[in-house]
Amino acid sequence: MITPLTPLDWKRRAVKLYPDKIAVIDEDKRFTYREFDDRVNRLSNALRKLGVAAGTKVAVMVPNTHPMLECFYGICQMGAVIVPLNIRLNPDELGYVIDHSDSEVVIVDAEWGERIHDIRSRLPKVRQYIQIDSGFSSPLEAMDYEALLAESSPEPIDVEIDENQTISINYTSGTTSKPKGVVMTHRGNYLNAADFLFHLRVSHDDVYLHTLPMFHANGWGGVWAITAVGATHVCLRKVDPVKILNLYEKEGITLACGAPTVLSMLVQAPNVEQVRITTRPRMGTAGSPPPAAIIDRVQKYLHMEVIHVYGLTETSPFISYCEWRKEFESLSPEEQAVLKARQGVEMVFSGETKVVREDGSEVEWNGREIGEIVARGNVVMEGYYKQPEETARAIRDGWFHSGDLAVVHPNGFIEIVDRLKDVIISGGENISSVEVEGVLYQHPAVSDVGVVARPDERWGEVPVALVVVKPGHQVTAEELNEFCRARLAHFKCPKDYEFVDELPRTATGKLQKFKLRERYWSGRDKRVQ
1 MITPLTPLDW
11 KRRAVKLYPD
21 KIAVIDEDKR
31 FTYREFDDRV
41 NRLSNALRKL
51 GVAAGTKVAV
61 MVPNTHPMLE
71 CFYGICQMGA
81 VIVPLNIRLN
91 PDELGYVIDH
101 SDSEVVIVDA
111 EWGERIHDIR
121 SRLPKVRQYI
131 QIDSGFSSPL
141 EAMDYEALLA
151 ESSPEPIDVE
161 IDENQTISIN
171 YTSGTTSKPK
181 GVVMTHRGNY
191 LNAADFLFHL
201 RVSHDDVYLH
211 TLPMFHANGW
221 GGVWAITAVG
231 ATHVCLRKVD
241 PVKILNLYEK
251 EGITLACGAP
261 TVLSMLVQAP
271 NVEQVRITTR
281 PRMGTAGSPP
291 PAAIIDRVQK
301 YLHMEVIHVY
311 GLTETSPFIS
321 YCEWRKEFES
331 LSPEEQAVLK
341 ARQGVEMVFS
351 GETKVVREDG
361 SEVEWNGREI
371 GEIVARGNVV
381 MEGYYKQPEE
391 TARAIRDGWF
401 HSGDLAVVHP
411 NGFIEIVDRL
421 KDVIISGGEN
431 ISSVEVEGVL
441 YQHPAVSDVG
451 VVARPDERWG
461 EVPVALVVVK
471 PGHQVTAEEL
481 NEFCRARLAH
491 FKCPKDYEFV
501 DELPRTATGK
511 LQKFKLRERY
521 WSGRDKRVQ
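Counting along the sequence shown from 1, when you hit position 160 you're at 160 in full-length UniProt numbering, and nothing is skipped either side.
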């Protein structure tokens with residue numbers, strides 16, 4: 001017998017087996033799985049009355065609160081398509097995504113109501129607006145979310161789902177180009193969430209904190225995986241390191257996910273020495289290669305187990321993880337942290353992942369030869385929405401090309417050395433900006449850093465570092481240069497250090513290096529020499 005693979009079936013299981021278990025915690029609100037199911041069904045019935053059907057696109061601009069979680073289930077169980085919106089997009093980007101996705105309904109938190117109100121005239125395809133009253137003043141004329149639920153039936157929605165139909169369109173974060181709509185299927189999300197369950201070791205008793213934006217690749221699959229085993233979702237409207245650490249203590253958080261910047265924020269939180277975390281939580285991290293120094297600090301000060309995962313929006317997103325092996329236990333904490341910074345090996349359900357040369361052949365497993373990470377399998381996207389040429393560029397000969405450059409170590413562990421566009425070629429020598437950033441992160445005064453190429457008449461281009469200094473610390477360019485020269489080949493050391501207040505990052509913590517490069521390459525036809 002064959003039944004469709006869809007993560008929505010996991011809600012049925014949770015409601016059947018754990019109806020009175022707390023499903024969702026959001027500030028002072030708590031919903032059991034029975035209550036959560038009631039609200040989700042009411043949302044589906046309300047949307048049906050508004051003309052939403054299978055295939056209808058519904059854009060959602062909501063932070064990590066219980067309505068966002070309800071939207072994932074309430075929209076998708078109808079066979080409709082959720083279009084999660086990055087809450088940090090500017091009006092032009094928002095207008096582009098909503099219109100390009102063909103969204104007919106927009107659900108928005110009142111905090112961003114004004115932003116939607118200002119672009120309403122540019123959204124001719126949108127028929128209905130629904131607004132969540134979160135205490136913020138908003139000029140947007142829209143139906144009230146809670147009123148709609150109150151007026152609707154809690155009866156289950158009976159819709160036949162094809163596992164190959166679209167479940168979501170997730171727009172890329174724009175680290176290198178204009179956002180593209182990644183088309184994800186029910187089957188792909190199911191198998192990605194299965195990897196989330198298996199490799200992050202999710203269990204019924206877990207209490208999961210949504211530090212990672214749910215709009216980013218559907219919370220990496222966490223929106224589905226936690227429900228699958230009847231674990232508890234803890235919502236977090238805004239990333240606040242002090243509040244996060246307090247929630248670990250108050251709610252007994254056992255699992256969370258976040259970019260390396262979140263890990264860095266936690267170890268620098270003013271209350272880090274006051275909280276008593278007794279759950280020995282796991283933290284899945286990805287988004288950019290985590291500096292070994294950050295992993296080491298998190299393990300020492302917060303007693304967290306850091307699990308490095310890797311993937312892209314285009315792969316649902318997981319394709320590899322840093323598998324921990326018994327032989328690693330004899331290594332020093334510093335050596336273990338270096339290993340944990342690697343992207344590791346392909347996951348069980350994701351399909352095949354490898355590192356290849358330009359001709360498609362695999363690189364040697366010697367930790368030195370650099371190639372591009374490629375993947376194929378059920379978690380790889382159907383393509384970019386309405387962009388066949390971009391799809392053809394990304395998926396070639398049956399393989400998705402990530403644009404990430406990596407080496408493979410003798411034990412099969414993949415390690416990213418740079419983004420394809422972030423390699424600095426200085427005097428004919430390749431310099432990994434990630435490697436240089438990893439060294440600078442080890443300096444006690446460095447809070448955040450980005451290394452990019454700057455044009456140079458002699459060398460073609462040279463590395464420069466933009467540095468954010470930790471509050472209460474001082475450091476000079478000379479000191480940082482001495483620090484780097486003691487740890488790197490001298491040609492790899494930045495030729496300049498600029499001190500800035502902050503670096504441009506996406507909502508998921510990815511460093512937007514194209515914005516940093518613009519400081520040095522503006523007015524030139526090319527961004528490399």
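Glycine included, each C-beta is placed from N, C-alpha and C at the ideal position.
Sequence-distant residues of the same chain with beta carbon closer than 6 Å to residue i, five excluded per side
i	result
Pro494	Pro463, Val464, Ala465
Thr175	Only weak support exists for where Thr175 lies, its pLDDT of 49 falling under 50; the coordinates are left without a value.
Glu437	Val449, Val451
Ile416	Pro289, Gln343, Asp404, Ala406
Pro241	Met265, Leu266, Ala269
Sub-8 Å separation of residue i and residue j beta-carbons
i	j	result
Met61	Asp26	no
Leu245	Leu266	yes
Phe72	Leu191	no
Ser426	Phe491	yes
Lys57	Val83	yes
Arg187	Asn170	no
Val379	His401	no
Ile167	Met78	no
Ser203	Ala46	no
Lys470	Gln268	yes
His199	Thr508	no
Pro4	Ile161	yes
Lys340	His308	yes
Glu346	Val183	no
Val446	Glu502	no
Glu70	Arg30	no
Gln128	Leu50	yes
Thr232	Ile2	no
Glu369	Val356	no
Arg201	Arg325	no
Residue i - DSSP class collapsed to helix/strand/coil
i	result
residue 537	Only positions 1 to 529 of the chain appear in the structure, and residue 537 is not among them; the question remains open.
Phe499	strand
Lys125	coil
Val229	coil
Met143	strand
Leu43	helix
Ile2	coil
Pro219	Note on residue identity: the sequence assigns Gly, not Pro, to residue 219. Three-state DSSP puts Gly219 in a helix.
Cys71	helix
Ser137	coil
residue 600	Lying before the first or after the last residue shown, residue 600 is absent from the chain, which here runs from 1 to 529.
residue 533	In this structure the chain extends from 1 to 529, so residue 533 is not present and cannot be described.
Trp10	helix
Ala489	coil
Pro463	strand
Asn481	helix
Lys57	strand
Ile87	coil
Asn246	helix
Arg505	strand
Ser426	strand
Ser433	helix
Leu17	helix
Leu511	strand
Other residues of its chain near residue i: CB distance less than 7 Å, five sequence neighbours each side excluded
i	result
Ile252	The sequence given here has Gly at residue 252, not Ile. Contacts found: Val207, Thr279.
Asp418	Leu405, Ser432, Ser433, Val434
Pro67	Ile132, Tyr145
Leu123	Gly95, Ile98, Asp99
Leu85	Ala59, Val60, Met61, Leu94, Val97, Phe215
Trp112	Met61, Ile87
Arg115	Pro91, Leu94
Minimum Cβ-Cβ distance from residue i to chain D less than 8 Å
i	result
His443	No chain D is present in this structure, which holds just one protein chain.
Sequence-distant residues of its chain with Cβ nearer than 8 Å to residue i (five each side left out)
i	result
Glu334	Ala292, Asp296
Lys180	Tyr171, Thr172, Tyr384, Tyr385, Gln387, Glu390
Arg276	Glu249
Thr185	Glu163, Asn164, Gln165, Thr166, Ile167, Glu382
Quiz item: Considering only residues of the stretch 264-341, which uninterrupted beta strand (DSSP E) runs meet the minimum length of 3 residues and lie entirely inside it, listed in chain order?
Solution: 282-285, 305-311, 318-321
Self-check item: Cβ contact check for the stretch 82-95 and the stretch 119-129: 3 or more pairs under 8 Å
Solution: yes
Self-check item: Contact the stretch 73-84 vs the stretch 122-132: 3+ CB pairs below 8 Å
Solution: no
Quiz prompt | 4 or more residues per run - each alpha helix (DSSP H) lying fully within the stretch 149-210 | solution = 186-199
Quiz item: Given 8 Å as the limit, is there contact between the stretch 214-224 and the stretch 189-205, that is, 3 or more CB pairs closer than that?
Solution: yes
Quiz prompt | Three-pair Cβ contact test at 8 Å for the stretch 227-239 versus the stretch 6-13 | solution = yes
Self-check item: Unbroken stretches of the beta strand (DSSP E), 3 residues or longer, contained in the stretch 353-384
Solution: 371-376
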